Amino acid sequence: MAFSLTSILPLPDMLALGWFFLCWVGYAWYADHRRWGTRELASVLHEYRLRWMRRVLERENRIADTVVLQTVMRSDNLFITTTLFIIAGLLSSLGAVERVQAMVSGIGFIAVSSRETLEVRILVLIGIFVFAFFKFTWSLRQFNFTLMLFASAPMPAEKDAPDRADFAPRAAMMVTHGFASFNRGLRAYFFGLAALAWFIQPWALVLAASWVVAVLYWRDSRSATLATLAGPVTGKGLP
102 MAFSLTSILP LPDMLALGWF FLCWVGYAWY ADHRRWGTRE LASVLHEYRL
152 RWMRRVLERE NRIADTVVLQ TVMRSDNLFI TTTLFIIAGL LSSLGAVERV
202 QAMVSGIGFI AVSSRETLEV RILVLIGIFV FAFFKFTWSL RQFNFTLMLF
252 ASAPMPAEKD APDRADFAPR AAMMVTHGFA SFNRGLRAYF FGLAALAWFI
302 QPWALVLAAS WVVAVLYWRD SRSATLATLA GPVTGKGLP
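Sequential numbering of the sequence shown, starting at 102, is according to our numbering.
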């Protein structure tokens, strides 16, 4: 018997899902390839990290620097734990699709979907948060590697240390890599929330994915936070 994708997902659902992944993958590619060529939040923050690592070389006591990084790692751990709980909840709902279907069908503005379509929607959500889990765990490992770099940093008196010139750019880039992975995991959360709109109807997913892209673009490229970090503080845009 020939397999037909439309037997599982109706055409509007397939089009909406295609647009959803186009928005996600397209913006991820745009963000990763644009950040080094323009004044964008990631590139501006990398400059601050480079200054930070140069200051590390001037300090004998680096406890404060380690505490800053450990605070970020605690945030990473929180997201890892939360993601596992979300995945567990989604797996539980996958085993009770009939009850989920009965629950959502009782809401007037939600389009009635078949069991197979509902299962695909839940599986897509599981895939999104599994992706986020891997990004958060990789981010945590990169921050751990940065702690090892801190431990091996030359002391202020070691002016002629062979690794002194390379330490600041190397450590700053390692922190940037860690935050890049963290941001990819966080971006998965944004699109995971957008995917919830798919349970209403396919076109709600299209609107939600487009809205997420607009929000991410504004925060990364047009926000008052970027203006404050990248230029002189004028007081504009403050609450």
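The beta-carbon is built from N, C-alpha and C at its ideal position, and this holds for glycine as well.
Everything numeric in this text was worked out from a predicted model, so none of it was measured.
- In this structure, the alpha-carbon of Leu192 lies about 23 Å from that of Arg285.
- Put simply, the backbone Cα of Phe234 is about 39 Å away from that of Pro257.
- Counting along the chain, the unbroken alpha helix (DSSP H) around Ser193 starts and ends at Ile164 to Leu195.
- The straight-line gap separating the alpha-carbon atoms of Phe268 and Val157 is approximately 10 Å.
- In chain order, Leu248 and Phe251 place their CB closer than 8 Å to the CB of Thr167, counting only its own chain and leaving out the 5 sequence neighbours on each side.
- Counting C-beta pairs closer than 8 Å gives three or more between the stretch 286 to 293 and the stretch 215 to 232, which meets the contact rule.
- Bounds of the alpha helix (DSSP H) holding Gln243 are Arg216 to Ala252.
- Pro255 and Gln171 have their C-alpha atoms some 21 Å from each other.
- DSSP places Met256 outside both helix and strand once states are collapsed to three, so it counts as coil.
- Ranked by Cα distance from Arg135, the first of Ile109, Asp321 and Ser215 is Asp321.
- Taking a contact as a CB-CB distance under 8 Å, the pair Phe283 and Asp133 does not count as one, their CB atoms being some 14 Å apart.
- Around the CB of Val316, fewer than 16 other CB atoms lie within 10 Å, so the residue is classed as exposed.
- For Gly286, the uninterrupted alpha helix (DSSP H) segment begins and ends at Arg265 to Ala296.
- Here Pro270 is not near Leu185, since their CB atoms are 9 Å or more apart.
- Taken atom to atom, the span from the alpha-carbon of Met274 to that of Met154 is near 10 Å.
- The three-state secondary structure of Gly119, taken from DSSP, is helix.
- Going by DSSP, Pro303 is part of the alpha helix (DSSP H) stretching over Pro303 to Ser322.
- Counting only the Cα atoms, Tyr131 lies some 20 Å from Ala328.
- Counting C-beta atoms within 10 angstroms of its own C-beta, Glu141 has 16 or more neighbours from the protein chains shown and is therefore classed as buried.
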